[in-house]
Ligand code: ATP
Ligand code: MN
């Protein structure tokens, strides 16, 4: 364990997926690995198994088959044996943040019977790309030289090897891990909006969007052939690359079903890659899935009702929430109305639902000619339905910053209360939403409640 203390101290294992350092039994044959590591500086890490750890050197220029090249190799902290299996990304800001690829692997063999990591070491490499005789020579403190000895092995230019010896992936593929296919596919023909445009939109908006959707179970709308063609509602689905969080939820018949949630930007983008563009979210988060905390009221006007009346409805509802001293946040639906979001943690879905229902009832009682809490279209004539039903377990509503698969691909956009009279429910497009990133987050204060 002592050997790996340095390794463990440098890393926060809550954040990085690198293995925790534990000394392991050495195997009979000694492994070696070379990892291509694109961090602050691009370099290769040479690691040789020795007494249950990996002795490690960072080689800025990488190894060379040319015996005249003397490649600087800086000795670094010992790594755990299973580090040789690590390929992936280390989060930005963490130690070694960047991309790691398993560039070569195999066994190594010291030439002499005694090995000291203070003296020159002559050894053989039995890798797929690195073979033959090599020497490591210490010259000053942690600085060593890595030199290819002359032997029968044919010369190879290491620059030709750009993929992982394990997964075959390029650095880009490991890092982005999300490759966008069919990027030129038209989603909105009339406005020439492609899959790539939507992908880029989510890439840019993700950081702003994530606090409000992270860890909330989702259902999505898929549109493989554009908005004019068939759309699919997806509640439980197999995102092959596993970028999403997954939990089991028991349905009415007692059967367990898989539900999904977004954890990070990659989660959003992997859904877009699968042609799921529209995100709908639950009112609770994982793991407190039985304790909702984000209430939503949707104002659904009768078709003939003017926008003015809808805005008046929003103001009336806000006045009730104000009286109850409840904080409230506003967004456009991206469709016909507005959504009002209230952070309100409750201990059960039943309480949550009843509370929302009571608010809708109150609206109806106070202004019976303007509002109804009844879903039926008949009762909605000339009125606005205060949709409280979304606050029941398993119900969803469109996520803030989600695009809508409708004409012009509008966004369900968080706005300030002072903007209610200026912004129409479907007028914010992806372009406009990105422009607004320069402004302060209109929902900034909501974050304190989540
Ligand atoms: P508008 O302003 O046009 O009324 P809206 O977002 O308020 O927009 P709809 O888009 O009609 O309303 O959505 C109605 C309900 O259907 C919402 O609760 C929404 O979450 C739900 N819904 C939409 N897509 C899905 C889906 N993929 N899975 C489950 N529920 C969905
Ligand atoms: Mn609505």
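In this note's numbering, the protein residues as written are 286 to 735.
Yeah, the Cβ is synthetic: ideal placement off N, Cα and C, and Gly gets one too.
Measuring only the C-alpha atoms, how far is residue i from residue j?
i           : j           : result
residue 324 : residue 382 : 6 Å
residue 671 : residue 646 : 9 Å
residue 291 : residue 364 : 9 Å
residue 411 : residue 374 : 27 Å
residue 565 : residue 669 : 22 Å
residue 735 : residue 487 : 22 Å
residue 562 : residue 718 : 16 Å
residue 678 : residue 690 : 25 Å
residue 345 : residue 632 : 55 Å
residue 388 : residue 293 : 23 Å
residue 396 : residue 407 : 6 Å
residue 444 : residue 548 : 36 Å
residue 618 : residue 495 : 18 Å
residue 610 : residue 662 : 32 Å
residue 469 : residue 418 : 50 Å
residue 696 : residue 705 : 15 Å
residue 736 : residue 698 : Nothing can be reported for residue 736, as the shown portion of the chain is limited to 286 through 735.
residue 724 : residue 357 : 48 Å
residue 322 : residue 550 : 22 Å
residue 614 : residue 511 : 31 Å
residue 307 : residue 334 : 14 Å
residue 602 : residue 509 : 38 Å
residue 431 : residue 353 : 11 Å
residue 573 : residue 532 : 12 Å
residue 586 : residue 709 : 14 Å
residue 304 : residue 626 : 41 Å
residue 426 : residue 401 : 15 Å
residue 378 : residue 583 : 40 Å
residue 538 : residue 597 : 42 Å
residue 404 : residue 341 : 15 Å
Grab me the residues of residue i's own chain with a C-beta within less than 7 Å of its C-beta, minus the 5 sequence neighbours each way, in chain order.
i           : result
residue 546 : 500, 501, 502, 503, 529, 530, 571
residue 567 : 501, 502, 681
residue 630 : 576, 578
residue 369 : 316, 318, 332, 339, 390
residue 520 : 504
residue 479 : 468, 469, 470, 471, 472
residue 701 : 727
residue 628 : 578, 579, 612, 731, 734, 735
residue 424 : 430
residue 366 : 309, 334, 337, 338, 339
residue 416 : 410, 438
residue 794 : Limits of the chain in this structure are 286 at one end and 735 at the other, which puts residue 794 out of reach.
residue 302 : 373
Name the two residues that bound the continuous beta strand (DSSP E) containing residue i.
i           : result
residue 335 : 327-335
residue 552 : Residue 552 -> not in any beta strand (DSSP E); alpha helix (DSSP H) instead, spanning 550-558.
residue 368 : Element bounds for residue 368: n/a, residue is neither H nor E.
residue 544 : 541-546
residue 736 : The chain is shown from 286 up to 735; residue 736 falls before or after that span and cannot be answered.
residue 562 : 561-566
residue 444 : First-last for residue 444: undefined, no H or E at that position.
residue 631 : Premise fails: residue 631 is in no beta strand (DSSP E) and is neither H nor E.
residue 456 : No beta strand (DSSP E) holds residue 456; the alpha helix (DSSP H) holding it covers 456-461.
residue 507 : 502-507
residue 531 : 530-535
residue 706 : It is not in any beta strand (DSSP E) - residue 706 carries neither H nor E in the DSSP assignment.
Using DSSP bridges, identify the partner residues of residue i.
i           : result
residue 390 : 318
residue 429 : 358, 423
residue 614 : 626
residue 410 : 393, 417
residue 695 : 714
residue 683 : 565
Which stretch, first to last residue, makes up the alpha helix (DSSP H) that contains residue i?
i           : result
residue 645 : 634-651
residue 594 : 592-608
residue 493 : 480-498
residue 719 : 715-720
residue 292 : 290-294
residue 378 : Neither: residue 378 is in no alpha helix (DSSP H) and is coded neither H nor E.
residue 619 : Here residue 619 belongs to no alpha helix (DSSP H), and DSSP marks it neither H nor E.
Tell me which residues share the same chain as residue i and place their Cβ nearer than 6 Å to its Cβ, disregarding the 5 neighbours each side in the sequence.
i           : result
residue 641 : 580, 673, 676
residue 737 : For the chain, the structure presents residues 286 to 735; residue 737 sits outside this window and is missing.
residue 517 : 507
Go through its chain and collect everything with a Cβ distance to residue i's Cβ below 8 Å, but skip five positions before and after it.
i           : result
residue 314 : 392
residue 736 : The structure shown does not extend to residue 736, since the chain is modelled only from 286 to 735, so the question has no answer here.
residue 326 : 345
residue 459 : 372, 373, 374, 384, 385, 386, 449, 452
residue 483 : 472, 557, 562, 688, 694, 715
residue 514 : 508
residue 376 : 300, 301, 382
Quick one: does the C-beta of residue i sit closer than 7 Å to a heavy atom of the ligand GTP?
i           : result
residue 518 : With respect to small molecules bound, the structure shown includes the ligand ATP and the ligand MN and not the ligand GTP.
Which residues have a Cβ closer than 7 Å to any heavy atom of the ligand MN, listed in chain order? 583, 584, 585, 618, 620, 621, 622, 672
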